[in-house]
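Colleague:
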Amino acid sequence: MPPTKGATRMPTLMLAAIKGITTLITDSPLVEASNYFPAPYRFGNTSSELSETVERILTTGPPVSEKGEYLKRVMSKTISGDVFRTNLVKAWSEISLVVEGERGGEYV
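Its first residue numbered 1, the sequence shown is counted upward by one per residue in UniProt numbering.
(1) Quick check on DSSP: helix, strand or coil for Arg42?
(2) Which runs of the alpha helix (DSSP H) spanning at least 4 residues fall entirely within the region 80-107, listed in chain order?
(3) So, at 7 angstroms on beta carbons, what are the nonlocal neighbours of Glu94 in its own chain, with the 5 sequence-adjacent residues on each side left out?
(4) Residues in the same chain with beta-carbon distance under 8 angstroms from Val64, minus the five sequence neighbours each way, listed in chain order, please.
(5) Given a cut-off of 9 angstroms, decide if Phe43 and Leu71 are closer than it, judged by their beta-carbon atoms.
(6) Distance, Cα to Cα, Val83 vs Ser47?
(7) Since Ile18 and Ile79 should fall inside the 8 angstroms C-beta cutoff, what is the C-beta to C-beta distance between them, to a whole number of angstroms?
(8) Please return the same chain residues whose Cβ sits closer than 6 angstroms to the Cβ of Lys67, not counting the five positions on each side in sequence.
(9) If you draw a straight line from the alpha carbon of Ser34 to that of Asn87, how long is it in whole angstroms?
(10) Pop quiz: Glu69 and Gly20 are said to be a contact at Cβ under 8 angstroms. What is the actual Cβ separation, rounded to whole angstroms?
Structure follows, in structure tokens:
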């Protein structure tokens, strides 16, 4: 079975955060990547909670760009950008082989 849309988006969000882009993620036990994000960058599962988090990020504390740099520093303590990219490429390679095998070697 191919990865879900959520599974393909989470690495993108983590990579953005590691690069210093202010990034928000849902605070859910189903989203493993959220464990790496500091609490102020996580939001609940409703659109109103997302809206409140975006408003807070935009209107309180330092500018958004500084918040991105803070996120980069925090995330970099637990996740290495180079190791993350290597692991991501390896995982996609393995997923591709599994999907190809399930399809009998046919590319779609």
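Don't be surprised by glycine CBs; every beta carbon is placed ideally from N, CA and C. The structure presented is a predicted model; accordingly, all values stated were derived computationally and were not measured.
Modeller: If we stick to the structure as given:
(1) Strand.
(2) Fully enclosed alpha helix (DSSP H) runs of 4 or longer: 81-102.
(3) So no residue of the chain qualifies.
(4) The answer, listed in chain order, is Thr22, Ile57, Leu58.
(5) No; because the gap between Cβ atoms is not below 9 angstroms, this pair is not in contact.
(6) The C-alpha of Val83 lies about 33 angstroms from the C-alpha of Ser47.
(7) About 6 angstroms; that satisfies the 8 angstroms criterion.
(8) The beta carbon of Lys67 sits closer than 6 angstroms to the beta carbons of Thr22 from its chain, once the five residues preceding and following it are set aside; these are given in chain order.
(9) Straight-line Cα distance between these residues: approximately 18 angstroms.
(10) Contact between Glu69 and Gly20 holds: CB atoms are separated by about 5 angstroms, below the 8 angstroms threshold.
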